[in-house]
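K.L.:
Numbering (my numbering), first residue to last: 580 to 866.
#1: In whole angstroms, what is the alpha-carbon distance linking residue 813 and residue 841?
#2: What's the call for residue 680, buried or exposed, on a 16-neighbour Cβ count within 10 Å?
#3: Give me, in chain order, the residues of the same chain whose beta-carbon lies closer than 8 Å to that of residue 782; leave out the 5 immediate sequence neighbours on both sides.
#4: Considering only residues of the same chain and omitting the five flanking positions on each side of residue 596, which have a CB-CB separation below 8 Å?
#5: So residue 789 is in the beta strand (DSSP E); what residue range does that whole segment cover?
#6: Could you pull the DSSP bridge partners for residue 763 from this structure?
#7: Considering only the beta carbon of each residue, do residue 810 and residue 823 sit closer than 8 Å?
#8: Under the three-state reduction of DSSP, which class applies to residue 742: helix, strand or coil?
#9: Measuring CB to CB, does residue 648 end up less than 8 Å from residue 664?
#10: What residues in its chain sit with their C-beta under 6 Å from that of residue 711, if we drop five residues either side in the sequence?
#11: Give the secondary structure of residue 710 by DSSP, where H, G and I count as helix, E and B as strand, and everything else as coil.
#12: Pull up the distance between the alpha-carbon of residue 645 and that of residue 702, whole angstroms please.
#13: Among residues of its own chain, excluding the 5 on either side of residue 858, which ones have a beta-carbon nearer than 8 Å to its beta-carbon?
#14: Under 8 Å: do the region 837–855 and the region 728–737 share three or more Cβ pairs, one atom per stretch?
#15: Does DSSP classify residue 690 as helix, strand or coil?
#16: What residue range does the beta strand (DSSP E) around residue 807 cover?
#17: My assumption, with CB atoms under 8 Å, is that residue 718 sits in contact with residue 705. Please give the rounded CB distance.
#18: CA-CA distance, residue 800 and residue 672?
#19: Is it the case that the Cβ atoms of residue 581 and residue 695 are separated by a distance below 8 Å?
#20: Which word fits residue 855, buried or exposed, when buried means at least 16 other C-beta atoms lie within 10 angstroms of its C-beta?
#21: Any idea if residue 830 is buried or exposed, counting beta-carbon neighbours within 10 angstroms, 16 or more meaning buried?
#22: Give every residue of the same chain whose Cβ lies closer than 7 Å to the Cβ of residue 730, excluding the five residues on either side of it in the sequence, and list them in chain order.
#23: In chain order, what residues of the same chain have a beta carbon less than 7 Å from the beta carbon of residue 621, not counting five sequence neighbours either side?
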């Protein structure tokens with residue numbers, strides 16, 4: 580999770596850590612030159628409390644914690660116009676204004692998703708998909724549209740992907756998944772009860788699984804093999820549409836497809852040429 584998001588959400592923070600987080604967020608531009616003793620004095624805390632907070636967020640000590648905050652503050656100051664991911668436009672906005680806001684929202688979303696990518700997890704997830712005989716995509720609502728887009732790309736490299744919840748026969752599909760396959764869950768909230776049941780079964784049967792979610796506290800995280808988490812400032816219900824979450828998912832799935840493609844780049848290019856010849860000038864021509 581991004582450091583500023585973690586400081587904002589304050590998950591499992593003590594009262595002292597919340598006070599530190601609030602001060603840091605309110606004084607980001609000054610942190611680059613702030614000594615730990617100054618931060619402790621300003622927040623009525625101690626050196627050890629600051630270090631504990633840094634370690635809770637994954638940093639060894641104050642110096643690398645301070646460096647990460649400085650980088651985040653710089654990126655924030657250089658970001659495009661901030662757009663509300665839940666209500667990105669107003670009733671009085673013109674077509675040009677809406678177009679600009681949605682462009683900024685999309686760019687900001689991809690930048691946020693990119694900053695949260697764990698290359699090791701991404702590579703490991705692609706490896707699971709590459710080794711799988713079949714890929715079962717578990718997703719509902721708008722996320723199922725992203726799953727279908729991913730399925731469409733996988734056809735180009737002859738990978739069999741199945742939309743598991745397409746015809747309400749998801750339990751049958753889940754029962755058919757084997758350890759030679761891979762199940763992919765695409766869920767922004769990551770709290771769907773059915774998905775938890777399926778993931779538990781897959782976990783017990785040693786079936787490889789990949790999770791794409793926007794919830795760093797999703798119960799599916801502990802049940803899946805690899806996780807790609809992209810936290811976005813998007814609420815579950817109070818929003819116009821799922822602009823940010825779906826843009827992030829599309830970006831993550833495009834990354835997975837690209838990694839699959841480069842695993843056998845030359846062969847995939849050769850197969851592309853052969854298939855195009857069949858469809859454009861050969862027996863599979865349809866136009």
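C-beta: ideal position from N, C-alpha, C; glycine also. The model shown is predicted, which means the values in this text are computed figures rather than measured ones.
P.N.:
The short version:
#1: 32 Å
#2: buried
#3: 788, 802 and 803
#4: A distance below 8 Å between beta-carbons, with the five flanking residues on each side excluded, links residue 596 to the following residues of its chain, in chain order: 589, 628, 631, 632 and 635.
#5: 788–792
#6: Residue pairing from DSSP places residue 763 in a beta bridge opposite 716 and 789.
#7: Taking 8 Å as the cut-off, the Cβ atoms of residue 810 and residue 823 do not count as close.
#8: It is a strand residue.
#9: The answer is no: Cβ separation not under 8 Å.
#10: 760 and 761
#11: helix
#12: Each residue's Cα considered, the two are about 29 Å apart.
#13: 864 and 865
#14: yes
#15: Look at residue 690 here: in three-state DSSP terms it is helix.
#16: If you look at residue 807, you'll find it in the beta strand (DSSP E) that goes 805–808.
#17: 18 Å between Cβ atoms; not a contact.
#18: 40 Å
#19: yes
#20: exposed
#21: buried
#22: If we look at residue 730 and ignore the five residues flanking it on each side, its Cβ neighbours are 716, 740 and 742.
#23: 602
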